[in-house]
Amino acid sequence: MSFRVAIVGRPNVGKSTLFNRLAGRKMAIVDDTPGVTRDRREAAARLGDLDFTIIDTAGLEEAAPKALESRMRRQTEKAVAEASVALFLIDARAGVTPLDRHFASWLRRTGKPVVLVANKCEGRAGQDGLAEAFALGLGDPVPVSAEHGEGLSDLFDALRRHAPPVEADDIEAADEDAADAGKPLQLAIIGRPNVGKSTLINRLLGEERLLTGPEAGITRDAIAIDWRFKDTPIRLIDTAGMRRKANVVEKIEYMSVGETLRSVRFADVVVLVLDGEAMLEKQDLALARMVVEEGRALVIGVNKWDAVQDKKGAVKKLADRLEASLAQVRGIPVVAFSAATGQGVEKLMPTVLDTWKVWNTRIPTGALNRWLEPIVADHPPPLNKGRRIKIRYMTQVKARPPTFAIFASQPEAMPESYLRYLTNGLRQRFGLEGVPIRMVMRGPKNPYVDDKD
Ligand code: GDP
Ligand code: GDP
Numbered sequence: 420m421s422f423r424v425a426i427v428g429r430p431n432v433g434k435s436t437l438f439n440r441l442a443g444r445k446m447a448i449v450d451d452t453p454g455v456t457r458d459r460r461e462a463a464a465r466l467g468d469l470d471f472t473i474i475d476t477a478g479l480e481e482a483a484p485k486a487l488e489s490r491m492r493r494q495t496e497k498a499v500a501e502a503s504v505a506l507f508l509i510d511a512r513a514g515v516t517p518l519d520r521h522f523a524s525w526l527r528r529t530g531k532p533v534v535l536v537a538n539k540c541e542g543r544a545g546q547d548g549l550a551e552a553f554a555l556g557l558g559d560p561v562p563v564s565a566e567h568g569e570g571l572s573d574l575f576d577a578l579r580r581h582a583p584p585v586e587a588d589d590i591e592a593a594d595e596d597a598a599d600a601g602k603p604l605q606l607a608i609i610g611r612p613n614v615g616k617s618t619l620i621n622r623l624l625g626e627e628r629l630l631t632g633p634e635a636g637i638t639r640d641a642i643a644i645d646w647r648f649k650d651t652p653i654r655l656i657d658t659a660g661m662r663r664k665a666n667v668v669e670k671i672e673y674m675s676v677g678e679t680l681r682s683v684r685f686a687d688v689v690v691l692v693l694d695g696e697a698m699l700e701k702q703d704l705a706l707a708r709m710v711v712e713e714g715r716a717l718v719i720g721v722n723k724w725d726a727v728q729d730k731k732g733a734v735k736k737l738a739d740r741l742e743a744s745l746a747q748v749r750g751i752p753v754v755a756f757s758a759a760t761g762q763g764v765e766k767l768m769p770t771v772l773d774t775w776k777v778w779n780t781r782i783p784t785g786a787l788n789r790w791l792e793p794i795v796a797d798h799p800p801p802l803n804k805g806r807r808i809k810i811r812y813m814t815q816v817k818a819r820p821p822t823f824a825i826f827a828s829q830p831e832a833m834p835e836s837y838l839r840y841l842t843n844g845l846r847q848r849f850g851l852e853g854v855p856i857r858m859v860m861r862g863p864k865n866p867y868v869d870d871k872d
């Protein structure tokens, strides 16, 4: 499978216009009537030096599953399932609508990488909609004007982050086989300014390496440092800390959220560094949530442990806050150390590797369903409109992070609380502690098997 990009969004946001723009040929029908584009269309597309297949979809309507609507919906689901990335369009002039929100939460549940695109941003008319788009929780929106061809280089940057490495033409396979193929573990070290990221990186790599700067391969443009921990190749992804030391520029006292998000998206495992004396402030929590929302494996590193007087109290406070604020991911690993003295730093990388393994877990379908059956029998899903929601079976659709599809009758009626019950059970039974888990509801038919259109 080559790099496939699906354009999704409610009707009339400009999907076909963007499709035409990227495909460089008039291929989709463009019309002012919502829902005119009925079927998926595909074309070879090119943006910068990126070649990909672009897929236009009809809108996922929030309508009764009558013939046309449900067919459109299936088409969209299928397009997204087969895509490497979903380009999620909103109309910045119209602002974020309830249907957009519905789309956003559905997309999040699919576990697909999403690039949020705010269309119709030419001139200033899109400003308000653009601001609203941040609140969708899908990362920074990329402002474009499909009609006028504006913002395409930002779109290129956003897409390139998700593009497969040149040697691999199948992004899913490349993804899944990463651990076996000896692909490096992509590690990002993030945190507020002054928590000690640079000190930690120096400590991990050995002082000399970073201090020698450019000769060690750290230039202004460097985006990664390759190194090995024991037998595992590690790629340390660009962070503000690395750049600063390399260029000996003034200390940056602010944190660039956009840049941090970029590092997080490149990463498999993210170490969020906290200052032991000022732990889990608002910004720390926002960063932790971002890592979890992006589906990355999170390790919390508590630095400056040497300066913490009441160590016991600090551990308790941290555990309480994590429990209260990040309850959806139980068991996030925490490592306390002093980057300055080196004490405790040796525990960090083994924890990173363990978490990485969990994040890569694949559970055979047989084992999953042997576990599922008694769990569901013990505590069945609730009734919906007088009919019991029936779970047929589940399967793991991908790793990194572990993502499961549950096939059920009335999938749309499955309450979040029941999914949490299953998620917690899964964590315990299969040792999936500390990493995000995604659950996707599917209808009684298996779309990959039954849907041939
Ligand atoms: P779709 O239903 O999502 O495929 O949307 P279309 O591509 O058919 O576009 C819907 C309407 O929005 C059409 O009238 C387009 O001309 C218009 N449109 C698309 N892109 C832009 C844009 O960047 N700016 C403005 N102002 N209008 C646009
Ligand atoms: P960054 O902005 O996150 O990269 O932070 P730096 O690595 O530049 O460190 C910020 C400050 O915290 C510096 O003054 C460091 O000396 C100090 N620092 C870093 N690690 C430790 C530590 O383990 N203990 C103490 N007490 N101070 C530290």
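Heads up: the sequence shown at position 179 corresponds to 598 in our numbering, and the numbers run straight through without jumps.
Backbone N, C-alpha and C fix where the C-beta goes; we use that ideal spot for every residue, glycine too.
Owing to the predicted nature of the structure, the values given are computational and were not obtained by experimental measurement.
Residue j beta carbon less than 9 angstroms from that of residue i
i       : j       : result
Pro-801 : Pro-834 : yes
Val-536 : Leu-574 : yes
Thr-774 : Gly-677 : no
Gly-695 : Ala-733 : yes
Lys-723 : Gly-615 : yes
Leu-508 : Leu-578 : no
Gly-763 : Val-754 : yes
Leu-874 : Arg-740 : Nothing about residue 874 can be reported from this structure: the residues present for the chain run from 420 to 872 only.
Ala-500 : Val-427 : no
Arg-409 : Pro-821 : One cannot answer for residue 409 here, as it falls past the ends of the chain, which runs 420 to 872.
Ile-873 : Val-690 : Within the shown structure, residues of the chain are numbered from 420 to 872, placing residue 873 beyond reach of any answer.
Leu-549 : Arg-527 : no
Ile-474 : Arg-460 : yes
Leu-745 : Val-711 : yes
Arg-715 : Pro-517 : no
Distance, residue j Cα to residue i Cα
i       : j       : result
Leu-629 : Asn-439 : Its pLDDT being 45, under 50, Leu-629 is placed unreliably in this model, and the value from its coordinates should be taken loosely. So the alpha carbons of these two residues sit roughly 47 angstroms apart.
Phe-685 : Leu-606 : 8 angstroms
Lys-539 : Val-424 : 20 angstroms
Ser-421 : Leu-845 : 33 angstroms
Val-688 : Leu-717 : 6 angstroms
Val-859 : Thr-784 : 15 angstroms
Arg-807 : Arg-647 : 53 angstroms
Glu-742 : Ala-442 : 47 angstroms
Ala-796 : Leu-604 : 40 angstroms
Leu-737 : Ala-832 : 36 angstroms
Thr-436 : Lys-809 : 41 angstroms
Arg-611 : Gln-702 : 7 angstroms
Glu-618 : Ala-726 : For the sequence presented, residue 618 should be read as Thr rather than Glu. Going from the Cα of Thr-618 to the Cα of Ala-726 covers about 15 angstroms.
Gln-728 : Lys-735 : 13 angstroms
Pro-453 : Thr-476 : At Pro-453, the pLDDT of 44 sits below 50, so the modelled position is not reliable and the matter cannot be decided from this model.
Asn-621 : Arg-580 : 26 angstroms
Tyr-812 : Lys-649 : 40 angstroms
Leu-838 : Ile-656 : 33 angstroms
Spatially closest choice to residue i from the options, by CA coordinates
i       : options                            : result
Glu-566 : Leu-741, Ile-644, Asp-510, Arg-846 : Asp-510
Leu-555 : Pro-769, Glu-700, Phe-522          : Phe-522
Trp-525 : Arg-781, Thr-495, Val-561, Arg-512 : Thr-495
Val-816 : Val-711, Trp-790, Thr-529, Val-748 : Thr-529
Leu-791 : Phe-756, Leu-745, Ala-827, Ala-758 : Ala-827
Pro-793 : Asn-779, Leu-841, Glu-765, Arg-681 : Leu-841
Ala-582 : Asp-470, Arg-611, Glu-569          : Asp-470
Asp-747 : Met-709, Thr-780, Ala-697          : What sits at residue 747 in the sequence shown is Gln, not Asp. Nearest option by C-alpha distance: Met-709.
Gly-568 : Gly-433, Leu-623, Lys-731          : Gly-433
Asn-843 : Arg-512, Pro-517, Arg-749          : Arg-749
Glu-765 : Ala-759, Leu-623, Asn-779          : Leu-623
Gly-542 : Pro-517, Gly-570, Phe-553          : Gly-570
Leu-851 : Ile-782, Ile-825, Ala-697          : Ile-782
Outcome for residue i when other beta-carbon atoms lying within 10 angstroms are tallied against a minimum of 16
i       : result
His-798 : exposed
Arg-654 : buried
Ser-572 : exposed
Lys-531 : buried
Arg-819 : buried
Ser-757 : buried
Glu-700 : exposed
Glu-713 : buried
Ala-463 : exposed
Pro-562 : buried
Gly-625 : exposed
Ala-552 : buried
Ser-564 : buried
Ala-697 : exposed
Supposed contact pair residue j and residue i - C-beta distance, whole angstroms, cut 8 angstroms
i       : j       : result
Gly-720 : Val-692 : 5 angstroms
Leu-787 : Thr-814 : 7 angstroms
Asp-559 : Leu-680 : 7 angstroms
Thr-651 : Leu-767 : Between Leu-767 and Thr-651 the Cβ distance is about 13 angstroms, and since that is not below 8 angstroms, they are no contact.
Arg-520 : Ala-544 : With 8 angstroms as the limit, Arg-520 and Ala-544 do not qualify as a contact, their Cβ atoms being about 21 angstroms apart.
Thr-780 : Phe-849 : 7 angstroms
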